[in-house]
Amino acid sequence: MLYLIGIGIGNEKGLTLEGAEALKKCKIVFLEDYTNLVEKETVTGIEKIAGRKVEILGREAVEGEKKILQAAEKEKTALLVSGDPLIATTHVSLVLSARKKGIWVKIIHASSILSCAIGESGLQAYKFGKSVTLAGWSRGYEPKDAYFVIEENKKRGLHTLVFLDIKEGKCMEAKEAVELLEETERRKKKGVIASETQMVAISSLGRKEQKISFGEIEKLKKAELGKSPSILIFPAKLHFLEEEWLNYFKL
14 MLYLIGIGIG
24 NEKGLTLEGA
34 EALKKCKIVF
44 LEDYTNLVEK
54 ETVTGIEKIA
64 GRKVEILGRE
74 AVEGEKKILQ
84 AAEKEKTALL
94 VSGDPLIATT
104 HVSLVLSARK
114 KGIWVKIIHA
124 SSILSCAIGE
134 SGLQAYKFGK
144 SVTLAGWSRG
154 YEPKDAYFVI
164 EENKKRGLHT
174 LVFLDIKEGK
184 CMEAKEAVEL
194 LEETERRKKK
204 GVIASETQMV
214 AISSLGRKEQ
224 KISFGEIEKL
234 KKAELGKSPS
244 ILIFPAKLHF
254 LEEEWLNYFK
264 L
């Protein structure tokens, strides 16, 4: 039996009552930490709820699936995931593989960064276009997908939610993300990103140090935007209620 349990966007307190009850039933508990960085205090809190040690799994172990599926064939097994468990395609693939092996799967949902970031921004959900991840650059690898997604959404009058990359246990900072977009603008010269472009930066969403900043890129670059992990939103034309909400966070 496999329980796929969402932790939510904050710490272990984001577990639903159903998730906590399921966790207590499991003999084996895994937690993946590559779709979001999980703090040590959160792991400790989860272990107290579960009444047992939690094994941390990286991308290879989760995508490889073997370890999780072998455990679930023998014992009640939980895989804990930050946010909602089915937002990442890796977890969808795991569920399909388990079902093909005849393993009973129970999915327990929780709050997601998608809904929470949109909600905290005050922007209307139906006005969002395609979301995108801004990946870090390295030698010979300089993806520009985020730039083009922002461009396309702007043309359609839609807001853009931009996830920031996680590599080697470190989250991309909001200011680094802006620098990459500005560098792409210098190369492509399509007028997508400018000093007066408006942006929303949300840091530490769901945590006590959560911070929301709104304003022109030039001003945000000079401000303290809070601790990572962060998520960015590039709004299209604002409804007056959206603007009124964001003005509380304007720099």
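For the sequence shown, the tail end lands on 264 under the working numbering, and the numbers increase by one without skipping. The beta carbon of each residue, even a glycine, is placed where N, CA and C say it ideally should be. Bear in mind the structure is a predicted one, so any value in this text is a computation, not a measurement.
How many angstroms separate the CA atom of residue i from the CA atom of residue j?
i: residue 77; j: residue 113; result: 15 Å
i: residue 18; j: residue 200; result: 43 Å
i: residue 181; j: residue 147; result: 16 Å
i: residue 174; j: residue 194; result: 14 Å
i: residue 187; j: residue 115; result: 43 Å
i: residue 185; j: residue 198; result: 19 Å
i: residue 30; j: residue 37; result: 11 Å
i: residue 139; j: residue 258; result: 17 Å
i: residue 215; j: residue 51; result: 17 Å
i: residue 205; j: residue 191; result: 12 Å
i: residue 106; j: residue 45; result: 15 Å
i: residue 261; j: residue 109; result: 44 Å
i: residue 220; j: residue 57; result: 16 Å
i: residue 97; j: residue 103; result: 13 Å
i: residue 237; j: residue 211; result: 16 Å
i: residue 169; j: residue 256; result: 19 Å
i: residue 235; j: residue 183; result: 22 Å
i: residue 156; j: residue 72; result: 21 Å
Are the beta-carbon atoms of residue i and residue j separated by less than 8 Å?
i: residue 42; j: residue 65; result: yes
i: residue 63; j: residue 119; result: no
i: residue 124; j: residue 239; result: no
i: residue 69; j: residue 25; result: no
i: residue 171; j: residue 101; result: no
i: residue 84; j: residue 14; result: no
i: residue 144; j: residue 176; result: yes
i: residue 218; j: residue 130; result: yes
i: residue 164; j: residue 202; result: no
Out of the options, point me to the one whose CA is closest to residue i's CA.
i: residue 225; options: 87, 244, 208, 103; result: 244
i: residue 161; options: 254, 142, 152, 179; result: 142
i: residue 99; options: 116, 126, 117; result: 126
i: residue 49; options: 257, 250, 242, 254; result: 242
i: residue 111; options: 129, 91, 96; result: 91
i: residue 178; options: 106, 153, 47, 37; result: 47
i: residue 196; options: 149, 72, 218, 235; result: 149
For residue i, which residues from the same chain have a beta carbon less than 6 Å from its beta carbon, with the 5 sequence-adjacent residues on both sides left out?
i: residue 88; result: 40, 41
i: residue 134; result: 213, 246
i: residue 166; result: 142, 173
i: residue 32; result: 18, 121
Given residue i, which residues of its chain have a CB within under 8 Å of its CB, disregarding the five upstream and five downstream residues?
i: residue 231; result: 208, 209
i: residue 263; result: 227, 228
Can you list, in chain order, the residues of its chain whose CB lies under 7 Å from that of residue i, leaving out five sequence neighbours each side?
i: residue 80; result: 74
i: residue 252; result: 137
i: residue 189; result: none
On the criterion of 16 or more Cβ atoms from any shown chain inside 10 Å, does residue i qualify as buried, or is it exposed?
i: residue 158; result: exposed
i: residue 16; result: buried
i: residue 54; result: exposed
i: residue 67; result: buried
i: residue 132; result: exposed
i: residue 23; result: buried
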